[in-house]
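For what it's worth, our numbering labels the leading residue of the sequence shown as 10, then goes sequentially.
Here the structure comes first, spelled out in structure tokens, and everything after it is commentary.
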Amino acid sequence: MINDLWYKNGIIYCLNVGSFMDASGDGTGDFPGLLRRLDYLQGLGVTAIWLMPFQPSPMRDGGYDITDYYAVDSRYGTLGDFVEFTHGCQQRGIRVMIDLVVNHTSDQHPWFQDARRSHDSPYRDWYVWSADKPADAESGIVFPGVQTSTWTYDDASQAWYFHRFFHFQPDLNTANPHVQAEILKIMGFWLQLGVSGFRMDAVPFVIAVKAPGQPQPVEQYDMLRTFREFLQWRVGEAIILAEANVLPDTDLDYFGDDGDRLHMMFNFQVNQTLFYALATGDTRPLIEAMDATRSKPATAQWGNFLRNHDELDLGRLSEDQRQAVFAAFGPERDMQLYDRGIRRRLAPMLRGNRARMELAYSLLMTLPGTPVVRYGDEIGMGDDLSLPERSCARTPMQWSTEPQGGFTKSDKPYLPVISRGSFGYQTINVAQQRRDPESLLNWMERIMRMRKEVPEIGWGDFAILGTGTPEVLALRYDWRNNAVLVLHNFADTAREIALDVAAVDGGSRDLINLLSEDHSHADDSGQHHIRLEAYGYRWFRVGGLDYLLKRSDV
Ligand code: NOJ
């Protein structure tokens with residue numbers, strides 16, 4: 010009996026400290042500001058907060074270019090403020106996860122500066138060098154159109170260094186035992202300060218062999234077990250949630266056959282096919298993706314998401330599928346990024362259509378795994394396409410109708426607050442939505458509460474039921490003799506489906522609607538006939554009141 014895997018039935022909320030709430034009034038969000046907003050997050054119902062990088066950084070890649078792994082950037086506060094924050098979370102039963110960015114450092118990091126100075130530097134072998142320009146220097150680029158190579162010549166040391174990402178992010182030589190020891194030390198440090206886990210950046214690249222002539226990563230999976238062992242020896246409940254946009258046939262290499270490597274991975278396969286389904290109404294590729302990512306160890310979990318802080322990466326879709334998503338959600342060149350994705354936020358992509366946003370979020374809550382919510386999506390925040398690359402979707406949180414959306418007292422926020430059009434703070438903000446029982450925010454709070462009351466989704470086995478209608482996805486979850494059935498209609502018109510009671514039920518003829526009084530009773534031949542309006546969704550408990558008798562925790 011596994012009772013303690015908190016991440017199986019949680020709701021993770023991702024935010025960037027600098028964008029959330031500015032208490033100091035200097036225009037940048039900070040830990041004291043975030044601390045004041047913890048009651049809001051608790052009220053919303055999140056069970057874990059994932060903080061994007063907040064360590065000292067020249068900020069050339071949104072903080073994913075770190076110069077000191079053991080400190081807080083002074084823009085956001087001090088280590089003391091950080092500990093006040095983790096303590097505040099602990100008091101409210103919210104766990105804290107932080108980004109762990111150890112594939113690379115900033116080129117300003119003292120390790121790299123020292124490594125450049127001399128070939129005898131103790132840090133020289135912490136990075137990846139080549140005396141000559143490697144033949145594959147233009148291969149394996151992650152940000153096409155912006156990044157031009159993966160090797161850059163360093164005048165100071167008269168050698169080329171490897172960088173999977175931008176040239177100011179030299180890769181750490183993660184095969185070096187000293188580097189590995191340092192990574193563990195970094196984890197140990199933050200664990201000691203109260204975090205319950207790490208969102209590990211760029212995992213396939215962290216564990217790759219790094220050397221000239223390796224344009225594609227060759228992974229050393231054993232490293233993942235070392236990370237996990239260390240983590241769990243230090244703090245039993247701590248986890249790693251991996252950013253690894255990989256093909257399903259390597260999933261078990263990442264999770265470990267025995268569940269001895271990563272606890273969680275983002276499900277990029279489901280994410281991309283989900284957007285294809287939202288764009289076209291065709292759920293078949295999504296179903297294939299769910300089947301392809303079905304097998305995982307019992308203790309492992311998928312992290313599902315809609316949008317995140319990066320572009321919506323559509324690189325795993327076929328060309329036709331990708332073009333279909335572009336046409337629906339990002340038709341203009343300026344909305345697209347890196348030849349593979351869309352940089353907009355969710356609400357503008359769905360044109361602020363409430364029914365579609367509810368459909369998308371109801372799916373996020375009910376797909377196999379644990380939902381990861383992006384700050385601001387709970388109120389339907391928009392984007393600012395005049396900002397470069399991914400900054401468009403990282404604008405300050407919109408709290409109220411006060412100047413700068415109540416984010417800061419400064420008139421110079423570090424990124425402009427969206428203040429024009431239908432997504433401006435005057436229209437989209439927390440304060441107004443909080444008072445309106447029908448608002449997206451209050452709907453979101455209710456759906457998140459319901460998600461937590463349905464542990465079958467996080468813990469159970471799922472079956473995809475045939476509906477005979479490609480636009481309607483029917484998922485049944487079973488766990489400990491309890492079952493739920495969730496239906497989603499991706500079409501822009503109503504659909505009626507018939508489900509055989511035998512397929513959904515172990516005897517009772519009732520499907521109890523968890524979100525309204527609209528229950529379903531089977532007809533005499535045992536069929537449920539359910540009409541879903543355009544973009545409609547239903548969450549049913551299977552077996553009606555029997556469930557209350559069977560369930561052990563009520
Ligand atoms: C993945 C992060 O999500 C992205 O924002 C960042 O630019 C790269 N890793 C490099 O750290």
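Don't be surprised by glycine CBs; every beta carbon is placed ideally from N, CA and C.
Secondary-structure assignment with DSSP links R550 through a beta bridge to V493, I521.
In this structure, G71 has its beta carbon less than 7 Å from a heavy atom of the ligand NOJ. DSSP lists no beta-bridge partner residue for C401.
W160 counts as buried, since at least 16 other C-beta atoms from the protein chains shown sit within 10 angstroms of its C-beta.
Looking at the backbone, the Cα of D348 and that of S517 are separated by about 51 Å. Relative to S66, the option among T56, R84, G52 whose CA is nearest is R84.
Nearest neighbour of T183 by Cα position, chosen from D258, A220, D164, turns out to be A220. In the assembly as shown, W242 is an exposed residue. Its beta-carbon has fewer than 16 other beta-carbons within 10 Å. The bridge partners DSSP lists for M209 are L109, A251.
In this structure the segment 188-200 does not touch the segment 147-163; the number of beta carbon pairs closer than 8 Å is below three. Look at the beta carbons and you see the segment 309-323 touching the segment 378-395: at least three pairs across the two are nearer than 8 Å. The bridge partners DSSP lists for D509 are Q536. Sequence-distant Cβ neighbours of R443 in its own chain, meaning closer than 8 Å and more than five residues away, are L450, N451. Here Y423 carries a coil assignment [DSSP, helix/strand/coil].
Comparing alpha-carbon positions, the option among P153, S139, D48 lying closest to Q167 turns out to be S139. In the three-state scheme derived from DSSP, where H, G and I count as helix and E and B as strand, E228 is classed as strand. V381 sits in a strand when the DSSP states are folded into three classes. The shortest C-alpha to C-alpha distance from G339 to any of Y285, G54, G389 is the one to Y285. When the five nearest sequence neighbours on each side are left out, the beta carbons in the same chain lying within less than 6 Å of the beta carbon of R460 are those of M374, in order along the chain. Y384 is not a Cβ neighbour of L53, given a cutoff of 8 Å.
V215 and S431 have their C-alpha atoms roughly 41 Å apart. Taking a C-beta distance under 8 Å as the contact criterion, V334 and L326 qualify as a contact pair.
The beta carbon of V204 is closer than 7 Å to those of T95, V105, M106, I107 in its chain, skipping five residues each way along the sequence.
A heavy atom of the ligand NOJ is found nearer than 7 Å to the CB of V110. Contact check for P213 against A253 passes: the beta carbons are separated by less than 8 Å. The beta-carbon distance between H318 and R208, rounded to whole angstroms, is 11 Å. This is too long to meet the 8 Å contact definition. Within the same chain, Cβ atoms closer than 6 Å to the Cβ of Q435 are found at T410, the five residues on either side in sequence being excluded.
Contact check for R547 against L482 fails: the beta carbons are separated by 8 Å or more. Inclusion of S115 and F40 in the CB contact set at 8 Å is not warranted, their separation being larger than that value.
Our two residues, Q278 and T56, have alpha carbons roughly 25 Å apart in a direct line.
For Q442, the enclosing alpha helix (DSSP H) begins and ends at 439-444. If you ignore the 5 residues before and after A32, its C-beta comes within less than 7 Å of the C-beta of D39, P41, G42, R45, all in its own chain and listed in chain order. Where A57 is concerned, there is no enclosing alpha helix (DSSP H), although the beta strand (DSSP E) around it starts and stops at 57-60.
Within 7 Å of the C-beta of D210 there is at least one heavy atom belonging to the ligand NOJ. Between K142 and W468, the C-beta gap is not smaller than 8 Å, which leaves the two residues out of contact.
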